[in-house]
Amino acid sequence: MWIKWSGLFTNLMTPTVALFALFFAYRQLASHKRESRSATAHNIYNQYLSLCINNPSFANGMDKPDKQCQIYGQYCWFVSTILFTFEQLLETQSENEKWEKTIKSQLLIHNDLLIRSSTIKNNQWSDKLTIIIDSINRKA
Numbered sequence: 063m064w065i066k067w068s069g070l071f072t073n074l075m076t077p078t079v080a081l082f083a084l085f086f087a088y089r090q091l092a093s094h095k096r097e098s099r100s101a102t103a104h105n106i107y108n109q110y111l112s113l114c115i116n117n118p119s120f121a122n123g124m125d126k127p128d129k130q131c132q133i134y135g136q137y138c139w140f141v142s143t144i145l146f147t148f149e150q151l152l153e154t155q156s157e158n159e160k161w162e163k164t165i166k167s168q169l170l171i172h173n174d175l176l177i178r179s180s181t182i183k184n185n186q187w188s189d190k191l192t193i194i195i196d197s198i199n200r201k202a
């Protein structure tokens, strides 16, 4: 009789242990995915900060000059680059409100250009980034 019960116990334990192992593996993969996305976001933001360090006059914003000038054109490309950077950051951290607040604070510096930007008016950025930009423009 004990042999019968031990066989039944073994038959029940094998799938139970397998399910626990599967659950643990799934949690490990999910954790790795979160950590990988977080590392990617920090790397992207670090690149943005390096861009700002290398271009401090652009990082502080710029008023549109009365006449066309090359430096303002470079500033426009700088802002396009940071928009692309923030779009990538939002792709990796779409549910993180802290990143969203950080992006808003940085974009506020460039709001004068964002209001006039044709790429924004033509919805050429991701929906999430466009929503953030629109919220900034409404406050201004």
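Mind the numbering: the sequence shown is residues 63 to 202 in our numbering, read in order. Glycine included, each C-beta is placed from N, C-alpha and C at the ideal position. Source: prediction; values computed, not measured.
Per-residue burial, H172 [other beta carbons within 10 Å of its own, 16 or more giving buried]: It is buried - the Cβ of H172 has at least 16 other Cβ atoms within 10 Å.
Cα-Cα separation, T143 to E153: So the two alpha carbons sit approximately 15 Å from each other.
Boundaries (first-last residue) of the alpha helix (DSSP H) holding E212: Residue 212 lies beyond the stretch modelled for the chain, which goes from 63 to 202, so this question has no answer here.
heavy atom of the ligand FMN below 7 Å from L145 C-beta: With respect to small molecules bound, the structure shown includes none, and the ligand FMN cannot be examined in it.
Distance CB(C138)-CB(L175) smaller than 8 Å: L175 is positioned such that its CB atom lies closer than 8 Å to that of C138.
Whole-angstrom distance between N73 and A103, CA atom to CA atom: Cα to Cα, the separation comes out at about 46 Å.
Own chain residues within Cβ distance below 8 Å of D125, not counting five before or after: D174, listed in sequence order.
Three-way DSSP call (helix, strand, coil) for K129 in this model: Three-state result, K129: coil.
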